[in-house]
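Trainee:
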Amino acid sequence: MVKQQLPLDLYLRDSASFLNYVVGDNSEACFALESLPDPGNRHRMIWLSGSPGTGKSHLLEALCHRALEMGLSVMYLSLDSEEMRATDSATNVLDGLEQLDVICIDDIEAVAGVPHWEQALFVLCELARNSGCALAMAADKPANELSIDLPDLKTRLAGWFLGYHLKPLADAGKREALQRRAENRGLHLDEDVVQYVLNRYPRDMHALFELVERIDIASMTHRRRVTIPFLRTLE
């Protein structure tokens, strides 16, 4: 079978799941993505947009994990990766993906305005719709605001995809997300420590998660419990 011949050695973070995503005001988008692979779902194309740190990649990878648990064939691709930027032929990367059950393509903005990538994405949209596979894409902007030059592709993205714009977490959600990320690493953060981090550091979730990783490594290295005085030594 062709599906068995396609490369499926995709890299997915084990931590990316729907269960550990702090939903905030994004429950509708989460439900739509989680149900995308279900048999009988008539909505087969979803577009995610949002600023960095809102969890677009996390949700796409969570969708792939869910599909794999259902025994489906999947592919996750980030077009902003070093490997993708070095690729001369977009056709070689996307060719045949419509034969899979679920396709997730991240960072579409990285190839907006690049003719051969736009043409390849257009062909993939057409083939995916005809084959009935589930297709989820993500970018920093809604599809109709992305700088796409190919009119046919812009029409497909804006007209065929259900669009969801992810909203940043409020402070309560950020506190929960930080504590969950720390717990996933076996690290305990007291409420006062979390509040100190939110007061003193950038509120971008990527930066906050990187900080949790740095704190965890420093805590293990120095064999210190995470306290505010300890955090001050890292500043």
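Just so you know, we're using the working numbering here: the sequence shown kicks off at 289 and counts up by one. Virtual Cβ for every residue (Gly too), placed ideally from N, Cα, C.
Would you mind working out which of CYS421, CYS392, GLY451 sits nearest GLU316, comparing C-alpha positions?
Mentor: Closest option to GLU316, Cα to Cα, is GLY451.
Trainee: Label ASN472 either buried or exposed according to how many other C-beta atoms from any shown protein chain fall within 10 Å of its C-beta, with 16 as the threshold for buried.
Mentor: ASN472 should be labelled exposed.
Trainee: By a C-beta neighbour count over all protein chains shown, 10 Å radius and 16 as the cutoff for buried, is HIS476 buried or exposed?
Mentor: It is exposed - the Cβ of HIS476 has fewer than 16 other Cβ atoms within 10 Å.
Trainee: Helix, strand or coil: which one does DSSP assign to ALA304?
Mentor: Coil.
Trainee: The alpha helix (DSSP H) spanning CYS421 covers which residue range?
Mentor: CYS421 -> no alpha helix (DSSP H), and no H or E assigned at all.
Trainee: Here's the rule: buried if 16 or more other CB atoms are within 10 angstroms of the residue's CB, otherwise exposed. What is GLY343?
Mentor: Label assigned to GLY343: buried.
Trainee: Where TRP335 and ARG511 are concerned, what is the direct C-alpha to C-alpha distance, given to the nearest angstrom?
Mentor: Approximately 44 Å, taken between the alpha carbons.
Trainee: Relative to the C-alpha of ILE505, which residue among ALA495, ARG332, GLY328, ALA470 is closest?
Mentor: Among ALA495, ARG332, GLY328, ALA470, the Cα nearest to that of ILE505 belongs to ALA470.
Trainee: Spell out a yes or no on whether the region 435 to 442 and the region 393 to 408 are touching, meaning 3 or more CB-CB pairs, one atom from each, closer than 8 Å.
Mentor: The region 435 to 442 vs the region 393 to 408: in contact.
Trainee: Given this structure, state the Cα-to-Cα distance separating ARG491 from GLU370, to the nearest angstrom.
Mentor: Looking at the two C-alpha atoms, the distance is approximately 27 Å.
Trainee: For ARG502, which residues in the same chain have their Cβ closer than 8 Å to its Cβ, ignoring the five residues on either side in sequence?
Mentor: Result list for ARG502: LEU522, in chain order.
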